[in-house]
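Heads up, the sequence shown is in our numbering, so the first residue is 57 and it goes up one at a time.
Virtual Cβ for every residue (Gly too), placed ideally from N, Cα, C.
Keep in mind that this is a model prediction, so the values were computed, not measured.
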Amino acid sequence: MSEAQASFAPGSIFELAQSTKKQWELGQVRLIASGVLAQDGTLQPSEPREATWQLSIRSIEKAASFTPAPSAQVFTLIAGDFVQLDVDGQQHGLEPLRPLKFETANPVEASQPTEELLIVHVAAIPQQVRPTVRIVELSKKREQHLFDGQLGVLVQGSAKLSLGENEQSLNLRDTVVGSDAGDPRITGRGFMAVVSFDLP
């Protein structure tokens, strides 16, 4: 799909394989979705330069520094074991499936990883959007609902999406758009990163 997703229809699936691969300071980046948060709490598409939030999957392949855009950042390690980030002189160990949220306009230093790492990266302009990431364990017996202002990224295992009477398998690292009205539901075995965008 395009850089700005054409639609955030309830239960839409953004496939990682359909995203464009680019470079960032630490490795590669795939932009999954970007947009704005409407006053009714729903996600709306926009051009990336006008977006108030974005979701991407990024690799960390080397020790390097990067300067975040003025925004709140959430890093969640989804493949690999560990990397250390220096944020404003504070050392933060990034461990698997433990979201790290920070806000800085200064360069962030990443240590040399022992292997290529993958992270779910969320950024938002804090004056307009408040981002949070929660890791949930999926079950075949208990449905995980996704609501307005939420995106669900399958980060480990296998899962199915139910929307009304329809059921569809998800590929690893696919992203599902939440909706109060559409009520997308996820079942499976593994873990999902539930990304929530709220008004400040």
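Residue environment, residue i, which counts as buried when at least 16 other CB atoms sit within 10 Å
i, result
"Val251", "buried"
"Thr76", "exposed"
"Ala180", "buried"
"Gln61", "Confidence is the limiting factor: at Gln61 the pLDDT is only 48, short of 50, which leaves the residue's position unreliable, though a coordinate-based value still follows. So Gln61 counts as buried."
"Ala125", "exposed"
"Thr170", "exposed"
"Gln110", "buried"
Beta strand (DSSP E) segment containing residue i, residue limits
i, result
"Asp254", "241-254"
"Ser235", "Element bounds for Ser235: n/a, residue is neither H nor E."
"Arg154", "Per DSSP, Arg154 belongs to no beta strand (DSSP E) and is neither H nor E."
"Val92", "83-93"
"Lys77", "77-80"
"Glu165", "164-166"
"Ser225", "222-226"
"Thr188", "186-194"
"Ala179", "173-180"
"Pro101", "99-101"
Three-way DSSP call (helix, strand, coil) for residue i in this model
i, result
"Glu106", "helix"
"Ala125", "coil"
"Gln140", "strand"
"Leu210", "strand"
"Leu202", "coil"
"Ala135", "strand"
"Ala161", "coil"
"Ala120", "strand"
"Gln183", "coil"
Top-ranked residue by Cα proximity to residue i, from the options
i, options, result
"Ile116", "Glu223, Val176, Arg190", "Val176"
"Leu194", "Glu103, Gly244, Glu71, Gln84", "Gly244"
"Arg86", "Leu72, Asp254, Gly97, Val92", "Leu72"
"Gly220", "Asn227, His201, Leu210, Val211", "His201"
"Gln183", "Gly67, Val164, Ser127, Gln147", "Ser127"
"Gln98", "Thr160, Asp144, Val233", "The amino acid at residue 98 is misidentified as Gln; the sequence shows Thr. Per the Cα distances, Val233."
"Leu174", "Pro187, Gln84, Ala125, Phe247", "Gln84"
"Glu103", "Ile113, Val92, Leu111", "Val92"
"Ser218", "Thr188, Lys196, Lys118", "Lys196"
"Leu141", "Val189, Ala166, Thr160", "Ala166"
Whole-angstrom C-beta distance between residue j and residue i, which should lie under 8 Å
i, j, result
"Asp230", "Ile69", "5 Å"
"Phe138", "Gly145", "Going by Cβ atoms, the distance from Phe138 to Gly145 rounds to 20 Å, so no, they are not a contact pair."
"Val143", "Phe122", "No, Val143 and Phe122 are not in contact; Cβ-Cβ is about 11 Å, not under 8 Å."
"Pro66", "Ser235", "3 Å"
"Gly205", "Met248", "Gly205 to Met248, Cβ: 16 Å. No contact."
"Gly136", "Glu172", "7 Å"
"Val185", "Thr108", "5 Å"
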